[in-house]
Amino acid sequence: MDVLSAKLAAASPRFRATLASLENFGTPPQPDGIIFPQLYSFFLHPWTPIVFAVVYFFTTKYLSANSDGKNRITGKRWKVAVVMHNLFLAVYSAWTFVSAAPLIFSAFARSYVADGLTGLTHTFCDSSLAFWSNNTFSRVAYLFYLSKFYEVVDTAIILAKGKRVGMLQSYHHAGAVISMGFAFRSMSMPAWIFVVFNSAIHSFMYLYYVASACRLPFPIFLKKNLTRLQITQFLVGGSLAVSYLFIALPNTRPAHLQEALAPLFCDMSHALGSSTLNVTSLEFAAREQLVEARVGGSCLVTPNQRLAVWINVLYLIPLTYLFLSFFINSYRKSAVGQGNLKSSPTETKSVKAE
0 MDVLSAKLAA ASPRFRATLA SLENFGTPPQ PDGIIFPQLY SFFLHPWTPI
50 VFAVVYFFTT KYLSANSDGK NRITGKRWKV AVVMHNLFLA VYSAWTFVSA
100 APLIFSAFAR SYVADGLTGL THTFCDSSLA FWSNNTFSRV AYLFYLSKFY
150 EVVDTAIILA KGKRVGMLQS YHHAGAVISM GFAFRSMSMP AWIFVVFNSA
200 IHSFMYLYYV ASACRLPFPI FLKKNLTRLQ ITQFLVGGSL AVSYLFIALP
250 NTRPAHLQEA LAPLFCDMSH ALGSSTLNVT SLEFAAREQL VEARVGGSCL
300 VTPNQRLAVW INVLYLIPLT YLFLSFFINS YRKSAVGQGN LKSSPTETKS
350 VKAE
């Protein structure tokens, strides 16, 4: 990437820090408003998700193989605790989706309206770092990464109830921690796919867990299609992620891209102690130079970004196979023998936390 001119010095500190991290293969600047800010560097160390995933996977396998089948979390208090766990994840997933999806899709739409396919491609690739230098997007993505550590509580609940944990459950959680960790650390733009798609599915999935544990009614069409939605998420999301490996930015610079992305700069107006208009003009100048330097280049800038995509894709291939196998074994065969579906994806899957 070409070195930007002195105009960059007048841009927002977050934009400068984000660009410096990208060029030096460092970690993204710490977002404001995150939990446990003192542990930010620890969680972004490349070995943290790997070690956690390996320990989790083999510990789960050992405990599952030696399970005595005894339920150790009986009683009303445990039931309330499990319901609150699932309710928290349902609400959190919905918050993540509501925070990220409008931000991303509205930027895609504005870019397309302003500059057609050229503008959309530049925004899809985040050529001006509009997303990764935006505190809201960065914060939501980081918290989503942290949530993958917390979600292993699902497995702890299963083991505490004396049930065995299957490969689908253990592989799913272990791989999610690693793939999202590398996606965030490298500032790989396909991370938005994981954040938006997965949070949408998990909103319904954990809401179903709550309804099931409380024996409340749940829409039957959602109950029967949660696994289909999961598989669709992997196929569509994986395909979109792979596309980033092959997309090249257009050879022409979008004329109105920065105006279209201006709403993403609004959280920078206080960083310089200047007016929003002045900050926006400074951001425009610096980002225009960055876009100019990237015209005709690859969608993904660094080897780490490409590695993050490959990790995600290679994780999704076996995961999709496991979900398809589960779907066939749980539904197709039972439908032939029984004539209808009697169980939901989450009832027969060993990830149920009720």
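To convert, note that position 55 of the sequence shown is 54 in our numbering; the numbers rise steadily by one, no gaps. Glycine included, every Cβ here is placed at the ideal spot set by N, Cα and C.
Item	Value
Between the CA atoms of SER280 and LYS147 - distance to the nearest angstrom	38 Å
Simplified DSSP state of ALA52, which is helix, strand or coil	helix
Outcome for GLN37 when other beta-carbon atoms lying within 10 angstroms are tallied against a minimum of 16	exposed
Residues of its chain near GLY272, where Cβ-Cβ distance is below 8 Å and the 5 sequence neighbours each way are ignored	A caution first: GLY272 carries a pLDDT of 46, below 50, which makes its placement in the model too unreliable to give a value.
Between the CA atoms of ALA106 and THR122 - distance to the nearest angstrom	7 Å
Among ASN250, VAL50 and TYR320, the one whose alpha carbon lies nearest that of THR120	ASN250
Run of the alpha helix (DSSP H) containing GLU258, from where it starts to where it stops	256 to 259
Contact under 7 Å by Cβ, VAL308 with PRO189	yes
Sufficient close CB pairs (3 or more, under 8 Å) joining the segment 304 to 319 to the segment 176 to 188	yes
Beta-carbon proximity of THR154 to VAL139, cut-off 7 Å	no
Buried or exposed by the 16-neighbour rule on C-beta atoms within 10 Å, applied to PRO101	exposed
Per-residue burial, ALA254 [other beta carbons within 10 Å of its own, 16 or more giving buried]	exposed
Three-state class that DSSP yields for SER268 in the structure shown	Residue placement at SER268 is flagged as unreliable, the pLDDT there being 47, under the threshold of 50; the coordinate-derived value follows with that caveat. Of the three classes helix, strand and coil, the one that applies to SER268 here is coil, per DSSP.
Alpha carbon of GLU287 to alpha carbon of THR17, nearest angstrom	16 Å
Three-way DSSP call (helix, strand, coil) for LEU276 in this model	The predicted position of LEU276 is uncertain, since its pLDDT is 47 and thus under 50; no value can be drawn from it.
Residues sharing a beta bridge with SER297, DSSP	ALA247
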